[in-house]
Amino acid sequence: MRHELYAAQPMFKYVNEDFRYCCTADKKPGKVAIKINPLEWTIWGRLSGSVFFKEWSDTIHYRGGGAMKVLNFGSLNIDYVYSVDHICRRGETISSKELNIYSGGKGLNQSVALGKAGIRPYHAGKIGNEGMFLLDVLREADVDVSNVRISDKDSSGNAIIQNEADGDNCIILYGGANRNITLEDIEEVLMKFGEGDILVCQNEISHVEELIHKAHEKGMSVFLNPSPMDEVMINLDFKEVDYIILNEIEAGQLTELNTEDGDMLIDALQKRFPGIRIVLTLGSKGSIYADSEKKVRHPIFPVHAVDTTAAGDTFLGYFIANIAMKKTPEEALRIASMASAIAVTKSGAAPSIPAKEQVMDELVKKT
Ligand SMILES: Nc1ncnc2c1ncn2[C@@H]1O[C@H](COP(=O)(O)OP(=O)(O)O)[C@@H](O)[C@H]1O
Ligand SMILES: [Mg+2]
2 MRHELYAAQP MFKYVNEDFR YCCTADKKPG KVAIKINPLE WTIWGRLSGS
52 VFFKEWSDTI HYRGGGAMKV LNFGSLNIDY VYSVDHICRR GETISSKELN
102 IYSGGKGLNQ SVALGKAGIR PYHAGKIGNE GMFLLDVLRE ADVDVSNVRI
152 SDKDSSGNAI IQNEADGDNC IILYGGANRN ITLEDIEEVL MKFGEGDILV
202 CQNEISHVEE LIHKAHEKGM SVFLNPSPMD EVMINLDFKE VDYIILNEIE
252 AGQLTELNTE DGDMLIDALQ KRFPGIRIVL TLGSKGSIYA DSEKKVRHPI
302 FPVHAVDTTA AGDTFLGYFI ANIAMKKTPE EALRIASMAS AIAVTKSGAA
352 PSIPAKEQVM DELVKKT
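The sequence shown runs 2 to 368 under our numbering.
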């Protein structure tokens with residue numbers, strides 16, 4: 002049995018960092034909880050007046066009971082993939098032999114990765130009525146979807162993808178509901194989060210600058226994936242961003258450097274955004290973490306790559322989840338590298354993102 006207890010957060014009183022008791026609103030003593038990990042607390046006993054009753058009840062996990070919460074405010078898409086003999090030309094009508102419908106959007110993929118990495122993230126975003134299956138994809142990955150709005154006026158964000166037999170494709174992306182997220186929507190969601198919580202975001206929704214600004218003002222840590230790169234990202238105030246997570250192409254665009262050299266990109270990013278923590282992924286060349294004190298690299302785990310879709314999203318989700326669980330950047334890079342290596346051995350986006358158990362099993366084999 003699992004209880005969501007974040008609403009009771011103000012009732013918690015610190016005893017020390019790993020041990021706290023909560024009282025009911027009328028200040029009567031209540032239950033004593035101990036920390037299992039940064040995100041989970043378990044009831045350990047009960048206080049009645051000054052008498053302490055010890056009662057192990059490890060079946061009740063208090064998730065987020067005053068502990069850090071991870072909110073991903075991001076895009077949710079439906080991908081319509083048409084198999085065609087050739088990509089449609091100007092003025093031409095062609096027919097498709099096959100249509101496959103998948104979940105997509107960087108926001109959704111990253112939430113699936115965060116969820117599979119084991120932290121029960123909160124996804125916020127907006128869909129139209131035809132996008133309800135996207136919620137099932139998130140729920141299945143243990144993502145809280147209570148902050149996803151369903152709009153009667155909007156279509157879900159979607160992509161129309163033509164796939165040629167020889168592997169070339171062409172894509173029309175329609176932002177839909179993702180681009181109709183209002184300042185009120187943002188305000189309403191952020192009300193439930195506060196100091197010490199984490200905001201994860203990308204650049205596929207409206208008002209991302211305001212989202213970052215408001216989250217930063219509340220004392221949340223901001224983890225930004227500046228993708229897709231455009232003027233909004235180029236002009237953003239990165240002083241409000243704590244971690245920037247990006248690939249070599251985005252890093253090149255942000256720094257106006259035409260190179261795939263990881264070290265040069267890190268130097269240029271550090272110069273442009275002093276003090277920011279950087280996670281740079283370099284495809285088959287691995288990844289680098291850098292902050293003002295240290296720089297850590299991790300090579301890839303070599304695998305037979307089948308489809309690299311969502312490699313970056315898997316990496317990001319696993320990295321952030323492990324930072325949220327207080328792992329070091331070195332450990333987080335290692336776990337994220339394994340998770341994304343497994344992801345590229347399978348085709349598809351969300352379905353290719355592995356569960357934590359598989360990632361940990363594979364890592365044990367490497368030690
Ligand atoms: N061929 C591969 N084999 C193993 N791991 C890979 C491979 N391609 C990518 N990865 C892992 O996924 C991470 C993210 O991939 P990358 O291509 O940099 O992201 P994006 O999808 O954003 O372009 C890499 O840093 C690496 O750890
Ligand atoms: Mg890449």
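Every residue, glycine too, gets a C-beta built ideally from N, C-alpha and C.
Item to check | Secondary structure of residue 124, DSSP reduced to three states | outcome: Numbered from 1 along the sequence shown, position 123 holds the residue referred to as residue 124. Residue 124 sits in a strand when the DSSP states are folded into three classes.
Next on the checklist: Quick check: residue 387 and residue 164, are their CB atoms within less than 8 Å of each other?
Outcome noted: One cannot answer for residue 387 here, as it falls past the ends of the chain, which runs 2 to 368.
Item to check | Residue from 96, 79 and 129 with nearest C-alpha to residue 110 | outcome: Looking up residue 110 in the sequence shown gives position 109. Of 96, 79 and 129, the residue nearest in Cα terms is 79.
Checklist entry - Excluding the five sequence neighbours on either side, which residues of its own chain have a C-beta within less than 7 Å of the C-beta of residue 166, listed in chain order? => result Position 165 of the sequence shown, counted from the start, is the residue given in the question as residue 166. Excluding sequence neighbours, residue 166 sits near 86.
Checklist entry - Since residue 148 is in the beta strand (DSSP E), which residue starts that stretch and which ends it? => result Counted from its first residue, the sequence shown places residue 148 at position 147. Taken as a continuous stretch (DSSP letters only), the beta strand (DSSP E) holding residue 148 covers 145-152.
Checklist entry - How would you call residue 191, buried or exposed, if buried means at least 16 neighbouring beta carbons within 10 angstroms? => result The residue you call residue 191 lines up with position 190 of the sequence shown. By the 10 Å Cβ count, residue 191 comes out buried.
Item to check | Distance CB(residue 135)-CB(residue 321) smaller than 8 Å | outcome: On the sequence shown, position 134 is the one that residue 135 refers to. On the sequence shown, position 320 is the one that residue 321 refers to. At the C-beta level, residue 135 and residue 321 stay beyond 8 Å of one another.
Checklist entry - From residue 91 to residue 281, what does the alpha carbon distance come to, in whole angstroms? => result Locating residue 91 in the sequence shown gives position 90, counting from the first residue. Locating residue 281 in the sequence shown gives position 280, counting from the first residue. Separation of residue 91 and residue 281 (C-alpha to C-alpha, rounded to the nearest whole angstrom) is 39 Å.
Checklist entry - Just the Cα atoms here: how many angstroms apart are residue 51 and residue 198? => result Position 50 of the sequence shown holds residue 51. Position 197 of the sequence shown holds residue 198. Residue placement at residue 51 is poorly supported in this model, since its pLDDT is 46, which falls under 50; the coordinates still yield a value, given next. Roughly 33 Å between the two C-alpha positions.
Item to check | Sequence-distant residues of the same chain with beta carbon closer than 6 Å to residue 434, five excluded per side | outcome: In the structure as shown, the chain begins at 2 and stops at 368. Residue 434 is therefore absent and cannot be evaluated.
Next on the checklist: I'd like to know if residue 205 contacts chain D, where contact means its C-beta is closer than 8 Å to some C-beta of that chain.
Outcome noted: Considering every chain present, this structure includes no chain D. It has just one protein chain.
Checklist entry - Are at least three pairs of beta-carbons, each pair with one atom in the region 258-273 and one in the region 323-337, less than 8 Å apart? => result Verdict: no, contact absent.
Checklist entry - Would residue 352 pass as a contact of residue 117 if the rule is Cβ separation under 8 Å? => result Here residue 352 is taken as the residue at index 351 of the sequence shown, counted from 1. Here residue 117 is taken as the residue at index 116 of the sequence shown, counted from 1. The answer is no: Cβ separation not under 8 Å.
Next on the checklist: Just to confirm, is the Cβ distance from residue 144 to residue 122 under 8 Å?
Outcome noted: For the purposes of this step, residue 144 is taken as residue 143 along the sequence shown, with counting starting at 1. For the purposes of this step, residue 122 is taken as residue 121 along the sequence shown, with counting starting at 1. Their beta carbons are under 8 Å apart, which means residue 144 touches residue 122 by this criterion.
Next on the checklist: Need the endpoints of the alpha helix (DSSP H) that residue 104 sits in, please.
Outcome noted: In the sequence shown, the residue the question calls residue 104 occupies position 103. Premise fails: residue 104 lies in the beta strand (DSSP E), 99-105, not in any alpha helix (DSSP H).
Next on the checklist: For residue 176 and residue 149, which I take to be in contact (beta-carbon distance under 8 Å), what is that distance rounded to the nearest angstrom?
Outcome noted: Within the sequence shown, numbered from 1, the residue matching residue 176 stands at position 175. Within the sequence shown, numbered from 1, the residue matching residue 149 stands at position 148. With 8 Å as the limit, residue 176 and residue 149 do not qualify as a contact, their Cβ atoms being about 16 Å apart.
Checklist entry - For residue 107, which option in 233, 278, 257 and 225 has the closest C-alpha, if you only look at C-alpha atoms? => result For the purposes of this step, residue 107 is identified with residue 106 of the sequence shown, where counting begins at 1. For the residues 233, 278, 257 and 225, the minimum Cα distance to residue 107 belongs to 225.
Checklist entry - Is the beta carbon of residue 161 less than 8 Å from the beta carbon of residue 81? => result Along the sequence shown, one-based indexing puts residue 161 at 160. Along the sequence shown, one-based indexing puts residue 81 at 80. Contact: yes.
Checklist entry - Who are residue 269's beta bridge partners in DSSP? => result Locating residue 269 in the sequence shown gives position 268, counting from the first residue. As DSSP reads the structure, residue 269 sits in no beta bridge.
Next on the checklist: Using the three-state DSSP reduction, which class does residue 236 fall into: helix, strand or coil?
Outcome noted: Residue 236 sits at position 235 when you count from the first residue of the sequence shown. Per DSSP, reduced to three states, the secondary structure at residue 236 is coil, with no helix or strand assignment.
Item to check | Nonlocal neighbours in the same chain, by C-beta distance under 7 Å from residue 1, ignoring five residues either side | outcome: With the chain covering only 2 through 368, there is no way to say anything about residue 1.
Checklist entry - Measuring CA to CA, which of 75, 153 and 120 is closest to residue 328? => result Residue 328 sits at position 327 when you count from the first residue of the sequence shown. Considering only alpha carbons, the answer is 120.
Checklist entry - Helix or strand or just coil, what does DSSP make of residue 217? => result Counted from its first residue, the sequence shown places residue 217 at position 216. Of the three classes helix, strand and coil, the one that applies to residue 217 here is helix, per DSSP.
Checklist entry - What is the DSSP secondary structure of residue 163, counted as helix, strand or coil? => result Residue 163 sits at position 162 when you count from the first residue of the sequence shown. In the structure shown, residue 163 sits in a strand (DSSP, three-state: E or B).
Checklist entry - So residue 308 packs on residue 349, CB below 8 Å; how close in whole Å? => result Position 307 of the sequence shown holds residue 308. Position 348 of the sequence shown holds residue 349. That belief holds up - the Cβ atoms of residue 308 and residue 349 are roughly 7 Å apart, short of 8 Å.
Checklist entry - Can we count residue 368 as close to ligand 1, meaning its CB is less than 7 Å from some heavy atom? => result As a working mapping, residue 368 is identified with position 367 in the sequence shown. Result no, Cβ not under 7 Å from ligand 1.
Next on the checklist: If I follow the unbroken alpha helix (DSSP H) through residue 302, where does it start and stop?
Outcome noted: If you number the sequence shown from 1, residue 302 lands on position 301. Counting along the chain, residue 302 falls outside any alpha helix (DSSP H), and DSSP gives it neither H nor E.
Item to check | Three-pair Cβ contact test at 8 Å for the region 295-310 versus the region 230-246 | outcome: Counting C-beta pairs closer than 8 Å gives fewer than three between the region 295-310 and the region 230-246, which falls short of the contact rule.
Checklist entry - Run through DSSP, which three-state label would residue 327 get? => result On the sequence shown, residue 327 is found 326 positions in, with the first residue counted as 1. Per DSSP, reduced to three states, the secondary structure at residue 327 is coil, with no helix or strand assignment.
Next on the checklist: Looking only at its chain, what residues have a beta carbon closer than 7 Å to the beta carbon of residue 301, apart from the 5 residues adjacent to it on each side?
Outcome noted: Here residue 301 corresponds to residue number 300 of the sequence shown, with the count starting at 1. The residues are 285, 287, 338 and 342.
Next on the checklist: Between residue 284 and ligand 2, is there a pair consisting of the residue's CB and a ligand heavy atom that are separated by less than 7 Å?
Outcome noted: Against the sequence shown, residue 284 aligns to sequence position 283. Flag set: Cβ of residue 284 near ligand 2.
Next on the checklist: What does DSSP give as the partner residue(s) for residue 291 in the beta ladder?
Outcome noted: Residue numbering aside, residue 291 sits at position 290 when the sequence shown is read from its first letter. Paired residues: 279 and 296.
Checklist entry - Fully enclosed by the region 173-217, which alpha helix (DSSP H) runs are 4 residues long or longer? => result If we require 4 residues or more, the alpha helix (DSSP H) runs fully inside the region 173-217 come out as 184-191.
Next on the checklist: Please tell me whether, using a cut-off of 7 Å, the distance from the CB of residue 313 to the nearest non-hydrogen atom of ligand 2 is below it.
Outcome noted: As a position in the sequence shown, residue 313 is number 312, starting the count at 1. Yes; taking the cut-off as 7 Å, the Cβ of residue 313 has a heavy atom of ligand 2 nearer than that.
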